């Protein structure tokens, strides 16, 4: 149940409780008042009857001498004049007093169900039900306003989380009012703006660093070849290549972040594409024991083969580095599944996705956490879904779901451009 | 730990609220029950008690006040006994004794006429809460010598609020 329903329910419940309590109290007090009034009237009648009886010996106003009194009244009348409401089949209201040795009493019937009280009860029930209904409607509308503002704030925060920019001038326009919700809206907006600024600064920093490093590293690679000692050349070249790979990856990440990447869609037969990618990857970056299995009929999809290769190679390299062989690649329809037999992806990566420079390896230098980040970024450019999980029976499993080919008249017409959705 | 602690705190608060509501309802129930019992107990009858005391006082004063009051006309209730000056209570319908003028306070009590206020009481009808007393103004008229003593013979009743029979003014022949 949403906050709107909860608030409406809570207010209605409290109103209903208050109405019931009030109704019971009013019903009860009116009953007591009726009793008190009836006894007071009988007292008044007895008082008049007593005066006349004493003066003239006449019985007036229905007074009786030595009538059969209810037991509690008969006992109490010895101490002085008393009134009493008897129960039983014929409830009566009594007043009695002693006159010398005799007892003078008046009584009249006192039905349990009083028409006036019945009408009052009915009015209470109708008014109570109407009040509860009205309060439910009012509470619903009040809560709806509150809920809408909270939902707006949440949507704004979600937009930032998805990589959007905070609306310009939003706190002035949306932070109307001075209540807690308005304060929350302003806070969320301020937080979103601050986070967005920080993310933007990080993005710019990555792009700048990568760009600035590229030229000296290229120069370093070229210069290393001129070194005299063969072993030194080999070592410097190897490290320079690693450095260049890192710089290239960083540049790719920054391009993906900037959302300037676009996919070149061409129709390709998926099983043969995967076979080709695995063939090329074998022997590179530690990828060795890889088997490809095609389930069902091979499909032709409109996709960017270069980006699919980038994704698969990065996943394979990650499996080779952190998992254990054999690595199994399964192609089924438009889905490509890569699994290994290692200890699986870390829980953080499964729940939140890969993050740059975060790696599960405790030691430094075994990876920079950019490979899977790039794979996810490239999948987004392709409009594909890349999910990380645990394979049945253990081991890491990455599932790449490529989008279905757009229904076109000719395979050749399926080629087109797909812009990256942005970071 | 924190996300486990939050629901338990919420449930404890709900339990507290439910407990408070149940306690209030229970106390209300006890109060209602006790009040219902109270109405079934024997209560005192203050007006009758006051009438008892007044009667005793008047009996004590009777001997001393007799001579001075004898000058003014009195009221013979339903034609019985001696005329009583400034009576506090007068029977209006002597046939069934169902209507009585009581609690009369005389504003003016002279030889020709007397005026006062009080209530007219009728026998309690069914329902127990049906009205039995009606405020009225009384005027005693037509003084005559009855059995050798002066007495008023007519009583006019003017209801100042609701009436038991519908008429605003009634005239009764007394003595």
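Residue numbers (full-length UniProt numbering), protein chains in the order written: chain A, 1 to 423; chain B, 1 to 175.
All C-beta atoms in this analysis are idealised placements derived from N, C-alpha and C, irrespective of residue type, glycine included.
Source: prediction; values computed, not measured.
Rounded to whole angstroms, the separation of the alpha carbons of residue 197(A) and residue 12(B) is 42 Å. For residue 169(B), the enclosing beta strand (DSSP E) has its first and last residue at 169-173. The Cβ neighbour count for residue 41(A), taken over all protein chains shown within 10 Å, is at least 16; the residue is labelled buried.
Membership of residue 133(B) in the beta strand (DSSP E) is indicated by the continuous run 133-146. Taking a cut-off of 8 Å on C-beta distances, the segment 315-333 of chain A touches the segment 274-288 of chain A, as three or more cross pairs fall below it. Shown here for residue 56(A): not one same chain residue has a beta carbon closer than 8 Å to its own, the five before and five after excluded. The beta carbon of residue 87(B) is closer than 6 Å to those of 75 in its chain, skipping five residues each way along the sequence. For residue 389(A), the enclosing beta strand (DSSP E) begins and ends at 385-390. Buried is the label assigned to residue 257(A), since at least 16 other Cβ atoms lie within 10 Å of its Cβ. One finds 44, 45, 48, 49, 52 in chain B with Cβ atoms closer than 9 Å to the Cβ of residue 80(A), taken in chain order. In this structure, the alpha-carbon of residue 304(A) lies about 14 Å from that of residue 401(A).
Residue pairing of residue 105(B) in beta bridges, as defined by DSSP: 117(B). Only those residues of the segment 85-110 of chain A whose C-beta falls short of 7 Å from the nearest C-beta of chain B are listed: 85, 87, 93, 95, 97, 108, 109, 110. A check of alpha carbon separations from residue 61(A) across 93(B), 51(B), 31(B) identifies 93(B) as the nearest.
Taking the CA atoms as reference points, residue 295(A) sits about 10 Å from residue 336(A).
Between residue 11(B) and chain A, the shortest Cβ-Cβ separation is not below 8 Å. Counting along the chain, residue 249(A) sits inside the alpha helix (DSSP H) bounded by residues 230-258. Restricting attention to 82(B), 96(B), 42(B), 103(B), the CA atom closest to the CA of residue 75(A) is found in 42(B). Taking the C-beta atoms as reference points, residue 28(A) is found nearer than 8 Å to residue 32(B).
Considering only 28(B), 73(B), 14(B), 100(B), the residue with the shortest C-alpha distance to residue 50(A) is 100(B). Excluding sequence positions up to five before and after residue 323(A), its CB lies within less than 6 Å of the CB of 340, 342, 396, all in the same chain and listed in chain order. With a threshold of 8 Å between beta carbons, residue 15(B) makes no contact with chain A. Between residue 154(B) and residue 136(B), the gap from beta carbon to beta carbon reaches 8 Å or more. Each of 47(A), 286(A), 37(A) was checked against the Cα of residue 320(A), and the nearest Cα belongs to 286(A). Secondary-structure assignment with DSSP links residue 150(B) through a beta bridge to 145(B). Residue environment for residue 134(A): exposed (fewer than 16 other C-beta atoms within 10 angstroms of its C-beta). The Cβ of residue 47(A) sits closer than 8 Å to at least one Cβ of chain B. Residue 158(B) carries a strand assignment under DSSP once its states are collapsed to helix, strand and coil.
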